[in-house]
Structures are given as structure tokens and as C-alpha cells.
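Enquirer:
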Amino acid sequence: MLKRAQRLFAWLLGPAVLMMSHQSLADEVEHWGVNMTQGVTQMSQEIYGLHMNIFWWCVGIGVVVFGIMFYTMIVHRKANGAKASNFHESTKLEIIWTVAPFLILIIMAVPATKTLVKIYDTSEADLDILITGYQWKWKYDYIAEDVAFFSSLSTPADQIYNRAPKGPNYLLEVDEPLVIPTKKKVRFLITANDVIHAWWVPDFAVKKDAIPGFVNESWTYVEEPGIYRGQCAELCGKDHGFMPIVVKAVPEAEYLEWISAKQADAVALKALTEKTFTFDELYTKGEEVYAKNCAACHMANGEGVPGVFPGLKGSAVALGPINTHNDVVVNGVPGTAMQAFGGQLSEVDVAAVVTYERNAWGNNMGDHVQPIDVLKLKQGK
Amino acid sequence: MASEQGTYYVPEQSKLPIFASLGLFLTVFGAANWMNGNETGPSIFFCGSLLFAFVLWTWFSTVISENMAGLNDAQVKRSYVWGMGWFIFSEVMFFAAFFGALYYIRAFSVPWLGGEGDRGSSNMLWGNFEAAWPLLTTPDMALNGEAALVKGAGQPMGWQGLPLYNTIILLTSSVTVHFAHDALKADKRKAFNYWLGASVLMGIVFLILQVEEYIHAYQELGLTLETGVYGTTFFMLTGFHGAHVTLGTFMLLVMWLRSVFKGHFKSDDHFGFEAASWYWHFVDVVWVGLFIFVYVLGS
Amino acid sequence: MAHGPAKGLTRWLYTTNHKDIGSMYLWFSFAMFLLGGVFALVIRAELFEPGLQIVEPEFFNQMTTMHGLVMVFGAVMPAFVGLANWMIPMMVGAPDMALPRMNNWSFWILPFAFSMLASTLFMEGGAPNFGWTFYAPLSTTYAPPSVTFFIFAVHIMGASSIMGSINIIATILNMRAPGMTLMKMPLFVWTWLITAYLLIAVMPVLAGVVTMMLMDIHFGTSFFDAAGGGDPVLFQHVFWFFGHPEVYIMILPAFGVVSQIIPTFARKPLFGYASMVYATSSIAFLSFIVWAHHMFTVGIPVAGELFFMYATMLIAVPTGVKVFNWVTTMFKGSMTFETPMLFSIAFVILFSIGGFSGLMLAIAPADFQYHDTYFVVAHFHYVLVPGAIFSIIAATYYWLPKWCGRMYNETMGKVHFWLAFIGLNITFFPMHFVGLAGMPRRIPDYNIQFADFNMIASVGAFLFGAAQILFLWNVIATIRSGKPATAEVWENPEGLEWTVDSPAPYHTFSVPPEVK
Ligand code: HEA
Ligand code: HEA
Ligand code: CUA
Ligand SMILES: [Cu+2]
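Chains as they are written, first to last, in my numbering: chain A, 1 to 381; chain B, 1001 to 1299; chain C, 2001 to 2516.
(1) With a cut-off of 8 Å on the beta carbons, I'd call residue 245 of chain A and residue 229 of chain A a contact; round off their distance for me.
(2) For residue 2093 of chain C, I'd like the list of residues in its chain whose CB is within less than 7 Å of its CB, leaving aside the five on either flank, ordered along the chain.
(3) Leaving aside the five residues before and after residue 1170 of chain B along the sequence, list all residues of the same chain whose C-beta is less than 6 Å from its C-beta, in chain order.
(4) Under the rule that 16 or more other beta-carbon atoms within 10 Å means buried, what is residue 371 of chain A, buried or exposed?
(5) With a 10 Å radius around its C-beta and 16 neighbouring C-beta atoms as the bar for buried, classify residue 306 of chain A as buried or exposed.
(6) What is the rounded straight-line gap between the Cα of residue 1106 of chain B and the Cα of residue 2239 of chain C?
(7) Does any C-beta atom of chain C lie closer than 8 Å to the C-beta of residue 1073 of chain B?
(8) If you measure beta-carbon to beta-carbon, which residues of the region 213-230 of chain A are closer than 8 Å to chain B?
(9) Could you tell me if the beta carbon of residue 2466 of chain C falls within a distance shorter than 7 Å of some heavy atom in ligand 2?
(10) Starting from the C-beta of residue 2279 of chain C, find all residues in its chain whose C-beta is less than 7 Å away, skip the five residues before and the five after it, and write them out in chain order.
(11) Grab the span of the beta strand (DSSP E) containing residue 244 of chain A for me, first residue to last.
(12) Can you tell me which of the three DSSP states residue 137 of chain A falls into?
(13) Given this structure, state the Cα-to-Cα distance separating residue 1096 of chain B from residue 1082 of chain B, to the nearest angstrom.
(14) Taking Cβ positions, are residue 2450 of chain C and residue 2387 of chain C nearer each other than 8 Å?
(15) Whose Cβ in chain A lies nearer than 7 Å to the Cβ of residue 2159 of chain C?
(16) Do residue 138 of chain A and residue 131 of chain A have their C-beta atoms within less than 8 Å of each other?
(17) Out of A:331, A:337, A:336 and A:352, which one is the CA nearest neighbour of residue 343 of chain A?
(18) Could you pull out every residue in the same chain whose Cβ sits closer than 6 Å to the Cβ of residue 313 of chain A, ignoring the five residues on either side in sequence?
(19) Does DSSP put residue 968 of chain B in a helix, a strand or coil?
(20) DSSP three-state call for residue 1223 of chain B: helix, strand or coil?
(21) Quick check: what's the CA-CA separation for residue 1090 of chain B versus residue 2173 of chain C?
(22) With three or more beta-carbon pairs closer than 8 Å as the criterion, would you say the region 2156-2171 of chain C touches the region 2101-2110 of chain C?
(23) Any heavy atom of ligand 4 closer than 7 Å to the CB of residue 2237 of chain C?
(24) Over the uninterrupted beta strand (DSSP E) stretch that includes residue 88 of chain A, give me the two end residues.
(25) Pull up the distance between the alpha-carbon of residue 1134 of chain B and that of residue 1299 of chain B, whole angstroms please.
(26) With respect to 7 Å, is the separation between the Cβ of residue 2462 of chain C and the closest non-hydrogen atom of ligand 2 below this value?
(27) Relative to the C-alpha of residue 50 of chain A, which residue among C:2360, C:2232, C:2130 and C:2076 is closest?
(28) Beta carbon of residue 2294 of chain C: closer than 7 Å to some heavy atom of ligand 4?
(29) By the 10 Å Cβ neighbour count, where 16 or more other Cβ atoms means buried, how is residue 1012 of chain B classified, buried or exposed?
(30) Strictly by DSSP, which residues pair up with residue 58 of chain A?
(31) List, in order along the chain, the chain B residues whose C-beta lies closer than 8 Å to that of residue 191 of chain A?
(32) So is residue 433 of chain A in contact with chain B if we call contact Cβ pairs under 8 Å?
(33) Taking only three categories from DSSP, how would you classify residue 236 of chain A?
(34) Measure the alpha-carbon distance for residue 2503 of chain C versus residue 2474 of chain C and round it to whole angstroms.
(35) Check residue 92 of chain A in the structure and name its three-state DSSP category.
(36) Counting only the same chain and skipping the five closest in sequence on each side, list residues whose C-beta sits under 7 Å from that of residue 2040 of chain C.
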């Protein structure tokens, strides 16, 4: 805090000093992040070019217009003895300053049109990924590979509430990043499950709204392996600021390896469904699952947000028949923010979280659910 | 134009506006409470509406008696004319929003959901939903079958029968209102009363038939407000129109009562009636739009 | 009608006088400006540093939403209607507004509407939290219960706006003094005439869209629900069909104000009066066909995207005409820099900067990077704060002596200007940087790379806010004990309003003035 204040002070006094060396100016621009990222794709660089192009045109026009203004403000002031002239019309001038901006606009529009058309060309992709926005996480679905997983914020609450120092990727880190191969045209099919979100990675210049019930298309082609970060860019409720996006671009070989590992994981997870767990195992696991998936709405203390998200502490469902409770979690409550978690969580996780909710915060029901029961519920549907 | 200006009538202080605001506020405040399931809602709503209606009643009476007292010169009258004209324009824009929505739904959202056009990939979310209008099978039904929450209508509403009769009735009533106007200008009081009375009756018949049509829709066609966008647009457009017909009929009825029982209106001074008749023509034009876009092209 | 104002509270409650109603509008709007400003300060305080410290995200969203709503519908729009009430009858030589009782009704709806809106803060589930643009389905299926109150508040304030603009149109078209032809009307009157048309055309559409929401929420319709064949994006189309003209509703009267003030202090007639009128009309026309530039990322087909991009860019042409006309009006004038002039000059410069960033936003592909970041926030605060707000402040200083017959304190006015000018730039300029660097809008917490600029912006916001206290003080002091002003107030100003006494008599023109 103090350090930042010092930097701030330096910044306020510093411009003069900075101007002295071009190099340090560029460094400083970099450090302060004052401009649009150039990004790592051809599209993002074209957009950066457009941005700079319009920017300089505006600066130019500004210099001329404001220049004349300041000139007249200095020279034609009454205090300097200026006498007012009386002209108030000139068709010639009016025509000039209608036509000139118009021409400038055409000059701007041409490259913009070209870039836009390219961006809209989502054909001939090598790989399709279905991206679904949820309150407040992303689901990535590799349609052809039968791999799907959720990706949510991994910054601990302690950092957010200033109880622990913040890392460099504060709020821009997730538990499982999206992995894509480099040098491939990847098409994103973007949709949402509840409200509108927007999937945005500045380095790719991809920003597309995720509209529930509709699918939007976008694409990227990344040359360089690397980790690229972005955020949800449409207000989507309470934790809109806490649903980052992390994309890991890796060479194709690595990508293929990763995919098969993912597929193997899924099989292993399936197997666990048959297993019988003890109460304590379920409870402990449930606490984790709860913190990750449910606490955003029902809050860590189970008290919810009055009027918006019901508390589970002492709730009729958590203290009622276990099947109803299971059903709410698996199928959600249609038409509300309560999603159907059956498709998001494994049977084990559902069993664990239900067990946890029925026994945490003084909800001492003493009962528990086994994954196999959850599976039966799902299949019975 | 403004030569008569010196006599422009600026009313004295008036209690009307503040009480009108209060009435309006209580009405909507009550309505909101009601919709949110608050028990006090209905009573606040009804008190507010009563107050509001009473204030409006007084307000119009005041304006009428001012006019009869000769306080309104030609310029003041022109202000009222402008006022009514632009009020009707604002109503047109209100309907435009709903017609626009209907257009968007038919031209874009339903086809997209059915897999056509630029956002056709949306279809992957909706099983084998196929775009059709009237939309009887909703995307929800295509995906979830019986478990769907948003079910479509059983059958669409045709344009023959009741809607066609209603079109004829409303168009005719517009003509009779016009005849009434001509009669008034020619100072034929009796003819005026007959034509106007006939228009009011036709307004009422229209409304009765529309209720009939709604009952038919709900009970026989399975077409309700909740049956997907077809039901939504059908009932919202015809419903708001019906509300306007109700208001228009009421306005004409009041004019009729004023003429028959109070002998109001002169052949050269009858803006109250004229305003109501404009409103009526406006309602009529909207209906023609509805008939074409909702009924004929919609079924 | 011969006598002066009534005494006591009923003067205000029952009034039919355009000046009283104008004053009430202005005071109401200032109160709303403070309220909206306090919400903004909560936002800025939370964003002072990364991490969550002052408010929870849920409440932060309510602050953002209420700030936008209160500023737009409570502060800026009523302020302009207040100015219209005060000035239009005087400027066209009319005895009052055309429909005086309805005028009072338009005003008194507002306190009720905004009390209802503000009361949602205390309801279970909290105030609206879905942004001032209230996109469905966040504002329908996923909204707190208070959304119903929000909807009805919008309904009645819309009714107020519609009645207000009907009144203004009737006044302008019907009440002009003999000889006051349309092309002799002061520009403020012209811009308001056009604004009133915009209002009548789009407020009903806003009413329509909130009605659709109401039906979706409570009556099972599916306008914005794909499951029934609707589309959330439909909401945005209807909203922005209202919303874009709305932003010009907030700037056209400002153009009018500035076009009155600059000639006075440049001591030179306005350059290009006729082209100003045509430019304003063109802006109004274009404003109906550009709405989807707020929706470049929702997945509009490419042809639509291009159409809206080109149409939006075109607006720079008539707006440029206005800017050039103002500059040329100053050119070779004999300028002095009283407070209203300072605010007007700052208006021209800073509004243009906001316009430039607007033009950048209009470039659809580039908007993919700008959209929903602080770059947009920077853009619209540059057009709204030094645009709309500065013009309102300038108008207040300019006409205050006419209203109350007393001169404000010039030094204090200048101090107010410089504090506001500096504070505003410190607040909003850095937002361009964080926006470009990737900070999304409507977030309560952010990555540390954005920390420094956010801290600067927060400091600026408090400075700017503090400056407004000076304004309030200056105005009150003027009303209570300013030095008496002459009828002309300024040196040779143009316009009928300067031909009557200061303060203007309660009923200005009982007998219409003759306009040459
Ligand atoms: C007073 C209000 C006001 C005004 C006047 C404007 C003016 C303009 N606005 Fe702005 N705008 C808003 C208020 C306003 N805006 C608000 C509130 C939002 C955000 C809403 C929300 O999402 O919450 C917004 C958002 C917004 C967006 C959407 C951004 C996004 O969400 O991604 C866009 C995109 O095109 C845009 C464009 C423009 C343009 C092109 C103008 C033009 O009218 C500007 C024209 C002016 C100039 C260009 C300068 C002067 C001209 C010259 C000196 C002539 C020569 C110049 C050239 C040839 C370059 N605005
Ligand atoms: C005319 C409209 C208008 C005006 C005047 C303002 C004025 C200000 N706005 Fe506004 N703003 C909007 C319209 C406006 N805004 C809109 C439409 C949005 C979008 C909302 C949305 O996303 O939905 C927005 C969003 C918005 C955001 C983004 C929020 C987010 O994305 O989460 C921020 C953040 O800094 C902000 C800040 C400010 C500040 C600091 C001011 C300052 O200028 C305010 C200054 C005024 C005061 C401070 C009050 C006066 C003083 C006192 C009450 C005395 C007490 C003060 C002190 C002692 C210091 N605004
Ligand atoms: Cu998801 Cu914002
Ligand atoms: Cu816009």
C-alpha cells in the first residue's frame, strides 16, 4: 500500500522525467499497462492495428481542433483587447468540414470491414469446443473426444478478503484450464446455462456472448504455446468478477496426451460410483465439494443470501426426506438459479455434498447417501 | 399564428396533479406488492386506482367546465390538440415495440433455434426442434418431451370466424364514428347521437367477441399466454389492443353520455369528442396491423 | 393569474407555474445527483484497492445498477426538463408552458417513482443488481423480487417523461411569440424540440420492454426464454432501441446550452446556426438506426454488424459539424472566461474526447476488445460528466442571475470549475488505460495489475465529489445573499430571456413580446 502510494507519487511527477528517454517510456507503458494487448493471434494483432490507426486519427483531429481552440482562446480574448468580428456563416467551410470527416471515416471503415469479415469466418475448423457459461464457472466440452469438465476460480477466499497476500494471477487463475493445440484452427461454440456470460481472452481478441439457449461461434488460431488469461465479460450476477478463463495452448502432441489422460480419469471416476463410503469420508469430501460448487450462492456458513439464495442451514429440504434433497441437487429447481448439478458433479460428489449439507451447521440429520443411490436416482429419471 | 396569445389561459394552482401522482403511485405500488405475493398489495392497488380514477374524473370535468366558461381561446385549444396527437404517437410506439418483438421472433429467433441461418448451430441444444409458425412444438418440448416446462399451444388461432367478424365490426365502427363527426359538424345532433351510440355498441360487441375468442383459445385450442412465444405474442398483442379498445369504448361512451344527457359539444367546438374519435381510429389501425400480422400471416 | 406565487408548501405542491416547476425539477435532480454520486463513491471506495474490503459483490452490483439508473433517469433527464421549463417559455416569449397542470403532474410523479426505486435497497434480496441495462434473463428469472418495483418505477417515470415532452412540443410549436419563426428560435429550444421527439418515440419502447419483463417474470410468457422460442437478445434489441436514443436525449439539450453560452462570451453570433439545426436533426435521425453497436458481441450476423458499424460512424459527421461551429464561433471573438464559459469550453474539449473514444468503440472488430471493459466506462463518463453534467452546471451559472436576480460568486465558481475539471480527469482518464489493459466493468475486485490506476481514479472521484459541495454552497449563497444582477446580466447576450427583469417576473410574458 505504501509502496504503491510512492509509485503513484512518482507517476504524478514523473512524466517529464520519463519523456527524456524513449526506451524508458516504452517500459513504463508496458509496466502500467496503458494500451490494448497486441495478443498472440493474427486477428488480435490486426485489431490492435485498427485500434492504433483510429487512435492516431483521433489524436490528429484532436490536435487540429483543440489547437485552433487554444490559439483563439489565447489570442482572441477580450483582456488582450480583441475586438469581436461578426461573421457567422460560410457554406464553403461547412461543406469542407462535413466532407473531410466523412472521408476519414471511410479510410477507417475499409480495414475494419476486412478484419470483421475474417473474424466471422468460422468455417473449416480443426477442433470444436463447446463452452458453456454457468453462474459462475465455465464448462468446456470437447465434443468429438467425449471429454468435458468445469473450470472455476482457484484463488482462495483468504486472498480475496485480504487475509493472505495476493499472487500475481490473483483472480485470473482456475482449477482446470482449457487446453488447446497450437497451430490448429479451434472453433468455440459458446452458450450459457443460466444467464448471459461472455467468453473473453484478450490475447486471442475473442469475445463472444454466451446466450442461454443459443450458440454463438468464434475461433482462434494460436501459434505460440503459452498460458493466456481472460475473464467473463458480461454482468452475470454476484460473482461475475470471479469467473476467469485460463487457456493453455500446447503443441499438438502434448494436447493429444492430455486428452487421453482426461479420458482415463473419467473411467476411473465412474468406477468409484460402485464403492461404499463411510459417513466421515463422505462428509469430508462433501465439505470440499460444497466449498467449490455451492458456497458461491448458499455461502460457506450455509446461510445463503436472504431473498436471493435460500440458506441451507435449517432449511426444510436439508432437514426433510433425503430423496427430495437428492432430487433438488441432481435436477435443480427449474426456472431458478439452482442448477441441475446431476450433470456437473460425479455421483460421488453429489452423495458427499448432500451428506455434508444434512450434517453441517447444526443440521444434525445423521444420515448419509451412497453414490450408487444417486446413480439410481439419475437413471430412474 | 400566435396573435390571440394575450389571453392564454394559465390555470390557477391546482390540487389535481399531486393527487394524480399519489393515485398513480399507489396503484403501481399496490400492483407490485400484489404480484410479489404481498397481502396488502390488492388493497393498496384498489385504493390507488380509485383515487386515480377519481382525480382523472375531476380533472376532465374541470377542463370541460373551463372550456364551457369560455376560458380557452383558440391557442389553448391547439395545445390540447397537440397534446392528444403526440400522446397517440407515443401509443403507436408502444405497440411498435411489441410488433417488433413479433417480427424478431418470427424472422430470427425461431428459425435460429430450428437450425437455420447465422445462429443455426443453436439447434444443437434443442434436440430435433424444427422452426415453424405458429410455434406449436416449443424447443423445450422438442428436447424434453413430456417433461417440458414450456408447452406449446394445441392449435393456432385461425383468422376466419371471430377475428374476421371483429375486423368487420371495428372497421365499421371507425366509419360510424366518422359519420358521427360529420353529423356533429353539420349540427345534426340526433344523427350524431345515433352514429356515436352505434359505434359504442360495436366497441362493446367487439370486446364481448374477443372474450369469446379468448375462452375458445383457452378451452378448446389449448392456446394460452404460457404456450411459448406463439401464445406470448398472440395474447400480448391482442390483449394490449383489447385494453385500448376498452379505453376507447369508454371514451366514446362518455362522449355519448355527455351529448345525450348534458347536450355538450357544438358544431365548431367539440375537441373532447374529436380526441376520442382519433383514439378510436388509432385503435382501429392497430387492429388492422394485428389482423394481418398476428392472424392472417400468423396461422 | 395576475398575482405572484402563493405562500407556503402549497405553492410547490399545487403550482402550475413553469418557473416553480422548473426549480423543483432542478432541485430534485441535484438531490438525485448527490444520491447517485454517493453510490458512485461506494463503487470507487471498493475499487480503491484490490480485494474485497467495504462491500460484498452482491451489494456492489446493486450500487453499480442504482448509480447508473439514478444518474441517468434521476439526475440528467430531470435537470434538462427543469431547464426546459424555466427557459423555453421565456425564450419563445410565452406566458407559461402549454399545459401547466400536466406540467406539475410530470414533475410530481418523479419523487414517487424514485422513492419507490430507492426503497428497493431496503427490501429482502436487495435492490436491482443487474446493471442499468438490465439484460434478461439476469433481470427476469434470476432477479431479486425488488425487480417488480423497479419495473413499475420505470413505467411511471416513463409516463412523466412522455407527458413532459408532449408539453414541451406543444409549447414550442404553439406558444411562440409573433415573429418567432422556427428558424429564429434559440438553439436550446431547437435541441429540446428534437429531444422531445426522441423521448416520445423511445420512452414507450422502454415501457414495452419492461412490460415484457414483467410478463416473463410473473405471467409465464417466454419473450426472453429460448425454451419457448424467445431470445434473451430480443431484450437487448428492444432495450437499445430505446437506450441509444436515450444517450442522445442526455446530450442534445447540452448542445443547446453550450450553443447559447459560447456566443455570449465570445461576443459573436453563433457560427452556422442553420447547420446546427440540421446537424442536431441528423444526429436524432441516426440515433434510431445504430442501437446494435452496444451488441457487437452478441452474435449478430455479419451484415447487421457492418450496417450498425457504418451507421454509428456516420454520427461523427454531424457531431463534428457542431464542434467545428463552436470553435469557429469563438474564433476572432472577444472572449472572456466567466464560469459558464469555462464549463462550456471544457465541455467542447472533453466531450470531443469522449466522442473520439465513442468512434473507436464503433469499430466493430475493435469493440471485441473494448466491449464491457472500463474503456467503455471511460467513454461514457467523458460524454456524460463533462458533457451532460457540465452543460447543466454551465446553464445554472449562466441563468441563475436571471432566475433569482442575484449574481453568484465568480471566484467560487472558478474554483468549482477547476476542482471539477481536475477531479474529473483524474477519475475518468485512467479508466481508458485499465480498460485497454483488460479490466472488465461491473466487477468489485480486480487483478493487481490494475491497482495503481484504480487508486488514482478513486482519489479523483472524491475530489470531484467534494467540488460539487462548493457548487451547492455557491448556489445557495447566491439565492440568499448574492449581489443584485442587472436585467442583462452579461454583456449584450442574445435572447428574449435577457429583455425581462432579473429575477424574471413570476409570469413572464402575459403580453407576447414582438420579435423582429
Ligand atoms: C451522452 C451520452 C453519449 C454520447 C453523446 C455518446 C456518443 C457516442 N457513442 Fe456512446 N455510450 C454512452 C453514452 C454516449 N455515447 C453510454 C452511456 C454507453 C454505455 C452504455 C452501457 O453499456 O452501459 C455508450 C456506449 C457506446 C458504445 C458501445 C460500447 C460497448 O459497450 O462495447 C459505442 C459503440 O459504438 C458507442 C459509440 C458512440 C459514438 C460513435 C458516439 C458519437 O455520437 C460521438 C461523436 C463525436 C465525435 C466523434 C467527436 C467530435 C467530432 C469531431 C471533432 C469530428 C471529426 C471526428 C472524426 C472524423 C473522428 N457508445
Ligand atoms: C449521467 C450519468 C452519470 C454520472 C454523472 C456519473 C458520475 C460518476 N460515475 Fe458513473 N455510471 C453511469 C452514469 C453516470 N456516472 C452509468 C450509466 C454507469 C453504468 C452502470 C452500469 O454498469 O449498469 C456508470 C458506471 C460507473 C462506474 C463503473 C461501475 C462498474 O462497472 O461496476 C464507475 C466506477 O468508477 C462510475 C463512477 C462514477 C463517478 C466517480 C462519478 C462522479 O462523477 C460522481 C460525482 C458526484 C458525487 C461524488 C456526489 C456529490 C457529492 C457529495 C454527495 C458530497 C459527498 C462527497 C464527498 C465529501 C467527497 N460510474
Ligand atoms: Cu459470467 Cu460474468
Ligand atoms: Cu449507443
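We put the CB at the ideal spot given by N, CA and C, even for glycine.
Expert: Judging by the given coordinates:
(1) 7 Å
(2) 2176, 2177, 2180, 2496, 2509, 2512, 2513 and 2515
(3) 1206, 1284 and 1287
(4) buried
(5) exposed
(6) 19 Å
(7) no
(8) 213, 214, 215, 216 and 217
(9) yes
(10) 2318, 2321 and 2322
(11) 244-250
(12) strand
(13) 21 Å
(14) no
(15) In chain order: nothing, as chain A lies at least about 28 Å away.
(16) yes
(17) A:331
(18) 302, 303 and 361
(19) Because residue 968 of chain B is not part of the residues shown, which for chain B are 1001 to 1299, the question remains open.
(20) coil
(21) 18 Å
(22) yes
(23) no
(24) From DSSP, residue 88 of chain A is part of no beta strand (DSSP E); its letter is neither H nor E.
(25) 6 Å
(26) yes
(27) C:2360
(28) yes
(29) exposed
(30) In the DSSP output, where bridge partners are listed per residue, residue 58 of chain A has none listed.
(31) 1122 and 1125
(32) Here chain A comprises residues numbered 1 to 381, so residue 433 of chain A is not present and cannot be evaluated.
(33) coil
(34) 17 Å
(35) helix
(36) 2067 and 2461
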